Amino acid sequence: MVRIKCSYPKCTTGSLADRKYNKTYGIKNKTLFSVPKDPHRRKQWQNALGRLNALNEKEVVCELHFNTSDIERFYKTILPDGSKVLMEKGRINLANTAIPIPQLTLDADEQSKSLAQNHSQTNAIHDIEAVTDELNTDALQSEITNTAIDNN
């Protein structure tokens, strides 16, 4: 099995050490997104990563390096009564227009802090969305159980 890790400078997501740590502590591995096949978009990603050499088609960038608005984690459904229900996707998607957050010229400590902050923001948003999903599920369950069933 081919092991791949994030191509973002100084990121260890996907490395053997990262996967072992996640497995030990029961943490879900971050999603790795393939670089675009379109040469123009791939060049945009290359520039955002601060890479001088070209990105090849087999390289990946992890979810930590994208704006949370570029990551689609939930199916969104509007019920007939107008209420919204969110259902978590088994596999998250990246918006077609997404470009990694540009690589800044930070020293290793600052880069690490920046990645940690983005990581915690991603987890916080995920937690909020999960609670929202749970609330929507509870409301839907309540609506279902309060609806009379006519067997005639």
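Under the UniProt record's numbering, think of the first position of the sequence shown as 1, with each following residue one higher. All C-beta atoms in this analysis are idealised placements derived from N, C-alpha and C, irrespective of residue type, glycine included. Quantities reported herein were computed from a predicted structural model and do not represent experimental measurements.
- The DSSP assignment places 16-25, 39-48 as complete runs of the alpha helix (DSSP H) inside the UniProt domain "THAP-type" (1-103), in order along the chain (cut-off: 4 residues).
- The alpha carbon of P102 has as its nearest neighbour, out of K23, K28, Y25, V61, the alpha carbon of V61.
- If the five residues before and after E59 are omitted, its C-beta is found closer than 6 Å to the C-beta atoms of S7, V35, all from its own chain and listed in chain order.
- Taking a 10 Å sphere around the C-beta of E57, we find fewer than 16 other C-beta atoms and assign the residue as exposed.
- With respect to the 8 Å criterion, K89 and F66 are not classified as neighbours on the basis of their beta carbons.
- The beta-carbon separation of T13 and L64, rounded to 6 Å, stays under the 8 Å limit for a contact.
- Rounded to whole angstroms, the separation of the alpha carbons of V85 and L49 is 36 Å.
- In this structure T77 is exposed. Its beta-carbon is surrounded by fewer than 16 other beta-carbon atoms within 10 angstroms.
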